[in-house]
Amino acid sequence: MPTAELFSIAGEKRTPVELMPSIFAIEPSEHAIYQVVKAYRNNQRQGTASTKNRSQVRGRGRKPWRQKGTGRARAGTYSSPLFVGGGVVFGPSPHSYRERTQKKVRRLALKSALSIKSRENGLKVVEDFALEEPKTRRIAEMLQVCGTKGEKILFVVSESSDAIRKSCRNIPNLTLRHIDSLCVYDVVDVDLILFTRSGLAKTEDMLSL
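Sequential numbering from 108 applies to the sequence shown in the working numbering.
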């Protein structure tokens, strides 16, 4: 049975939390992770890169110089790719890079990524807490007592209040995610995942369906 270290908000170690083997201890599918991460990154692209070919370049269409007698190479138009300011050959044009992946592949990829993190001791859990007002220092102290110094961290919560969001946004190498927006790219892009107790429970509920 896989487990994860459990800390209180004050940094006290509690009894380790048992993790669901069907989510945190499966045989990982690296191909599913590759497919989902590739699709995610492609879907972030705007696809607006654009160049003009020789028919779209603005300018004269007349012949630069006569065909013979000058000693220079033949030239037909200033819009030729051979001239500065001429058209671009095989340049990019606006198009969509969007990719779709099946829901079962996304779920398999997320379980695989979480299983790899669990196997590498990259998961920790902290007891639920509440902030009445934004306190960056309190979040920073919590991360320090949990032993996360210098690591790239993904903090997963079940309820993202405005106070928690504002408290986390100014801490380097910390990404805050609500359980509903958790994705494979977030998991593979960090060194450590820190769940709240309720965030872990909701993750298991979501992926065990």
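All residues carry an ideal CB built from backbone N, CA and C; glycine is no exception. Quantities reported herein were computed from a predicted structural model and do not represent experimental measurements.
For Ala111, the secondary structure class from DSSP, reduced to helix, strand or coil, is strand. Apart from the 5 residues on each side of it in sequence, Tyr204 sits with its Cβ closer than 8 Å to the Cβ of Asn149, Asn150, Arg152 and Gly154 in its chain, given in chain order. Where Pro199 is concerned, there is no enclosing beta strand (DSSP E), because DSSP gives it neither an H nor an E. In the DSSP assignment, His285 forms a beta bridge with Val264. Residue pairing by DSSP puts Leu230 in a beta bridge opposite Ile300. Counted as a single uninterrupted DSSP element, the alpha helix (DSSP H) harbouring Arg244 occupies residues Thr243 to Val252.
Judged by DSSP in its simplified three-state form, Lys120 adopts strand. The C-beta distance from Pro109 to Ser225 rounds to 5 Å, short enough to meet the 8 Å contact threshold. In terms of Cβ geometry, Gly194 and Pro188 form a close pair [threshold 9 Å]. Each residue's CA atom was taken as its position, placing Ile300 and Glu206 some 27 Å apart. In terms of Cβ geometry, Leu283 and Ile271 form a close pair [threshold 9 Å]. Look at the beta carbons and you see the segment 128-136 touching the segment 211-231: at least three pairs across the two are nearer than 8 Å.
For Ile271, the enclosing alpha helix (DSSP H) begins and ends at Asp269 to Cys275. As the crow flies, the alpha-carbon of Lys145 is around 19 Å from that of Ala156. Note on Gln174: under 16 other CB atoms within 10 angstroms of its CB, so exposed under the neighbour-count rule.
Contact fails between the segment 226-239 and the segment 168-184, because fewer than three Cβ pairs, one in each stretch, are under 8 Å apart. With respect to the 9 Å criterion, Thr303 and Val252 are not classified as neighbours on the basis of their beta carbons.
Less than 9 Å separates the beta-carbon of Leu289 from that of Thr310. Taking each of Arg276, Asp298, Glu239 and Ser267 in turn and checking the Cα distance to Lys256, the smallest one comes out for Asp298.
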